[in-house]
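Note that the protein sequences, when read in sequence, are chains Z and V.
Mapping of the first sequence onto the numbering used here: residues 1 to 274, in sequence order.
Mapping of the second sequence onto the numbering used here: residues 275 to 564, in sequence order.
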Amino acid sequence: MARAVTTRHKTIATAAAWIAALLIFFPILYTIITSFKSEQEAIQGFSLIPSGTLESYSEVQAQSGYFKFFLNSVILSVGSTVLALVVAVPAAWSMAFSPTRRTKDILMWMLSTKMMPAVAVLFPIYLIFRDTGLLDSRIGLTIMLMLINLPIVVWMLYTYFREIPGEILEAARMDGASLWNEIIHVLTPMAVPGIASTMLLNIILAWNEAFWTIRLTTTDAAPLTAFISSFSSPQGLFWAKLSAASTLAIAPILIMGWFSQKQLVRGLTFGAVK
Amino acid sequence: MATQQTRSLARFMMAPSVILLFVWMIVPLAFTLWFSFQQYNPLNPIRDGFVGFSNYALFYSNPAFLQSILNTLIIVVAVLAITVVGGILLALLLDQPMWGQGFVRILVISPFFVMPPVAALVWKNMIMHPQYGVFADIARFFGMEPIDWFGQHPLTSIIIIVAWQWLPFATLILLTALQSLDGEQKEAAEMDGAGFLSRFWYLTLPHMSRAITVVILIQTIFLLSVYAEILVTTNGGPGYASTNLPFLVYQKALLEFKIGQASAGGIIAVILANIVAFFAMRAVGKNLDK
């Protein structure tokens with residue numbers, strides 16, 4: 001590109017963009033700062049310099065057993081993602097490589113299940129979970145999260161698999177490779193990046209899911225979404241503790257998210273914007 | 275060259291996904307539909323039984339139902355307006371050459387990865403709290419009375435929080451679309467003496483139109499079911515001022531145990547979502563043909 005960019009133009013754009021970005025990021029930044037304050041400091045008015053105390057962090061763990069919720073979040077988000085992949089990889093595979101007349105309809109139908117509002121089935125699911133003893137169990141919630149994200153996983157995998165050139169398949173067949181050989185030695189290595197991206201995005205979505213994880217758990221299976229929601233009724237001075245708990249809850253996923261911007265666009269627009 | 279064998283294998287590979295999603299979609303929804311024609315209260319089972327359409331009739335007679343539908347639509351439309359306009363402006367800004375672009379992008383996209391309860395509680399307590407929040411600090415600095423956001427403007431407060439969560443999404447998608455715009459086309463337009471506004475109107479905006487459609491459709495699906503943000507901030511109040519349809523259904527089902535009414539609300543939510551889905555599917559489906 002031969003477009004001449006003046007330094008002045010670049011300076012103005014940089015300044016404007018940084019101001020906008022810092023304003024948008026401010027609530028997160030301020031939460032992180034407040035988490036290093038004491039409760040007294042936290043309510044003493046606006047200040048960007050904390051005393052650096054870690055007491056809120058130790059209190060969050062000591063008072064409410066933060067780690068248990070964190071562990072549940074990890075188990076639920078990773079578990080549901082792995083389960084969804086096990087089911088979705090073969091489906092996306094066959095749709096990408098042996099499409100039939102109905103493949104497109106099936107894909108669209110899968111997408112349509114994602115559009116069903118969760119509240120519409122809240123009570124039946126609640127009943128089914130209660131009667132099968134799945135309420136507040138990690139297994140029940142893992143299955144739930146797997147089901148709500150399955151359409152996105154199939155779709156994302158499908159858009160990745162479709163980009164694997166079919167000629168390679170033909171060549172392998174010519175060489176007399178069996179179907180399973182073909183899948184394991186030829187296609188899998190090419191599919192790994194797509195599967196990894198899908199996995200990353202799905203873990204993020206499952207980690208942040210805040211309807212079923214709150215409504216179907218009480219204590220045993222409660223992940224961080226449910227734990228943080230328990231802060232909705234103020235308990236005395238709790239600003240610093242809320243900040244510490246929030247920082248811990250978002251940090252891992254924030255970092256994962258930064259690495260998955262491209263996949264996010266692709267996954268959430270079902271391949272319509274790349 | 276699909277042989278009979280590969281075709282049946284393909285069907286076998288697809289079966290688990292299809293069966294799971296089919297059961298997941300049909301079974302609970304059938305229950306909900308059935309309950310929506312029943313009077314059913316686990317706490318007071320004496321009057322249980324078939325009641326026809328009377329649960330649905332409540333949507334005309336009970337102001338809470340009407341208000342919840344209205345609130346649902348206000349949240350969707352307001353958040354869409356803020357995020358699409360804001361997202362276009364931010365995308366245009368971030369597309370300019372600048373120092374530290376990668377880092378700016380990371381800062382802008384971050385709110386999207388914040389789980390809803392955290393986003394809502396941080397805004398409620400750290401930013402909008404009438405006594406200790408940053409907005410109150412700013413108001414006092416200028417000698418003004420701090421605003422009691424959640425007490426006096428509950429729906430606006432929720433819209434602000436939800437818009438903050440979705441602005442990054444809109445920005446990211448629109449920026450991706452913007453960056454695929456052909457540089458040569460831009461140059462040609464510039465050489466022809468097209469100003470910034472006419473370039474934006476005749477070149478950039480048409481190029482982004484599909485991305486804008488996608489942003490609107492996908493956000494609408496999620497915005498129709500805003501839940502956690504309301505739960506941890508206003509709890510739907512004061513009164514029903516910030517109750518949307520999903521929240522009302524939750525209240526009726528799990529707090530008041532009026533299962534019939536809750537189910538009717540759920541079915542209305544499905545109908546609303548289907549109207550949106552109809553347009554969404556057409557837009558995404560078009561892309562598949564390409």
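Glycine included, each C-beta is placed from N, C-alpha and C at the ideal position.
Provide the residue span of the alpha helix (DSSP H) that contains residue i, from first to last.
i	result
V/V489	479-497
Z/V78	66-97
Z/G133	Run containing Z/G133: none; DSSP gives neither H nor E here.
Z/A206	188-208
V/Y334	328-335
Z/Y13	The displayed chain sequence assigns Ala, not Tyr, to residue 13 of chain Z. From DSSP, the alpha helix (DSSP H) with Z/A13 extends over 7-35.
V/F409	408-415
Z/D105	103-114
Z/I49	Careful: Z/I49 lies outside any alpha helix (DSSP H) and carries neither H nor E.
Z/E170	166-174
Z/K241	239-258
V/L218	Because chain V is modelled from 275 through 564, residue 218 of chain V falls outside the range shown and cannot be assessed.
V/Y524	519-524
V/F424	423-426
V/K460	457-465
V/V392	390-396
So with CB distances below 8 Å, who are the chain Z contacts of residue i?
i	result
V/Q535	Under the 8 Å cutoff, chain Z gives no residues; its nearest Cβ is about 11 Å from V/Q535.
V/L498	P117
V/P371	V5, H9, K10, A13
Which value, in whole angstroms, describes the spacing of the CA atoms of residue i and residue j?
i	j	result
V/M275	Z/S98	With a pLDDT of 47 at V/M275, under the threshold of 50, the modelled position of this residue cannot be trusted; read the value that follows with caution. Roughly 9 Å separates the two Cα atoms.
V/V388	Z/A210	11 Å
V/F311	Z/I24	46 Å
V/A463	Z/N149	43 Å
Z/S137	Z/T218	9 Å
V/I533	Z/N208	28 Å
V/P302	Z/A120	8 Å
Z/I12	V/Q535	56 Å
V/M287	V/R281	10 Å
Z/L187	V/A284	16 Å
Z/I183	Z/P193	15 Å
Z/I128	Z/L135	9 Å
V/G436	V/K398	Before going on, a small fix: residue 436 of chain V reads as Val here, not Gly. So the alpha carbons of these two residues sit roughly 12 Å apart.
Z/G45	V/Y406	7 Å
Z/K104	Z/V78	29 Å
Z/M1	V/K460	The pLDDT assigned to Z/M1 is 43, lower than 50, so where the model puts this residue is not dependable, and the model offers no usable value.
V/T507	V/V382	24 Å
V/K564	Z/I214	Because the pLDDT at V/K564 is just 45, under 50, the model does not fix this residue reliably, and the value given afterwards should be weighed accordingly. Taking the straight line joining both Cα atoms gives about 40 Å.
V/W423	V/M402	6 Å
Z/A240	V/V500	27 Å
V/W475	V/I495	28 Å
V/I421	V/F327	43 Å
V/A551	Z/S56	45 Å
Starting from the beta carbon of residue i, find every residue of chain Z whose beta carbon is closer than 9 Å, and list them in chain order.
i	result
V/L295	W109, M110, T113, L147, L150, P151, V154
V/W397	P27
Taking residue i as the reference, give the member of the options with the closest Cα.
i	options	result
Z/S73	Z/S51, Z/T188, Z/L248, Z/S38	Z/L248
Z/W93	Z/A120, Z/Y66, Z/R162	Z/R162
V/L367	Z/A21, Z/V82, Z/G176, Z/I33	Z/A21
V/P391	Z/L264, Z/Q263, Z/F231	Z/F231
Z/L264	V/T494, V/G323, V/I380	V/I380
V/M299	V/G467, V/V544, V/G511, V/I549	V/V544
Z/G166	Z/M199, Z/S243, Z/A96	Z/A96
V/A355	V/Q525, V/T507, V/Q493, V/R556	V/Q493
V/F305	V/I549, V/G540, V/F552	V/G540
V/F386	V/D369, V/T357, V/L363	V/T357
Z/K37	Z/L29, Z/L54, Z/L145, Z/P27	Z/L54
Against residue i, what residues of chain Z qualify as contacts under a CB-to-CB distance less than 7 Å, listed in chain order?
i	result
V/F305	P124
V/V378	A17, W18, A21
V/D411	G45, F46
V/L364	A20
V/I495	M115
V/S384	F25, I28, L254
Could you name the residues of chain V that residue i contacts, counting a contact when the two beta carbons are closer than 7 Å?
i	result
Z/K241	The contacting residues do not exist; Z/K241 stays about 11 Å from chain V at best.
Z/V273	I447, T450, A451, A485, V488
Could you name the residues of chain V that residue i contacts, counting a contact when the two beta carbons are closer than 9 Å?
i	result
Z/W212	Going along chain V, no residue has its Cβ under 9 Å from Z/W212, so there is no contact; the nearest lies around 10 Å.
Who are the neighbours of residue i on chain V, taking C-beta pairs under 8 Å?
i	result
Z/L54	Here the premise fails: no neighbours, minimum Cβ distance about 19 Å.
Z/L83	Chain V residues near Z/L83: none, gap ~10 Å exceeds 8 Å.
Z/I250	F387, V388, M389, V392
Z/T142	Ordered by position in chain V, no residue passes the 8 Å Cβ test against Z/T142, which lies about 13 Å from the chain.
Would you be able to state if there are at least three C-beta pairs under 8 Å between the segment 431-449 of chain V and the segment 404-421 of chain V?
-> no
Do the segment 361-376 of chain V and the segment 422-430 of chain V make contact, defined as three or more Cβ pairs closer than 8 Å?
-> no
Between the segment 143-158 of chain Z and the segment 80-92 of chain Z, do at least 3 Cβ pairs fall closer than 8 Å?
-> yes
Flag this pair as touching only if the segment 340-357 of chain V and the segment 510-517 of chain V have three or more C-beta atom pairs under 8 Å; answer yes or no.
-> yes
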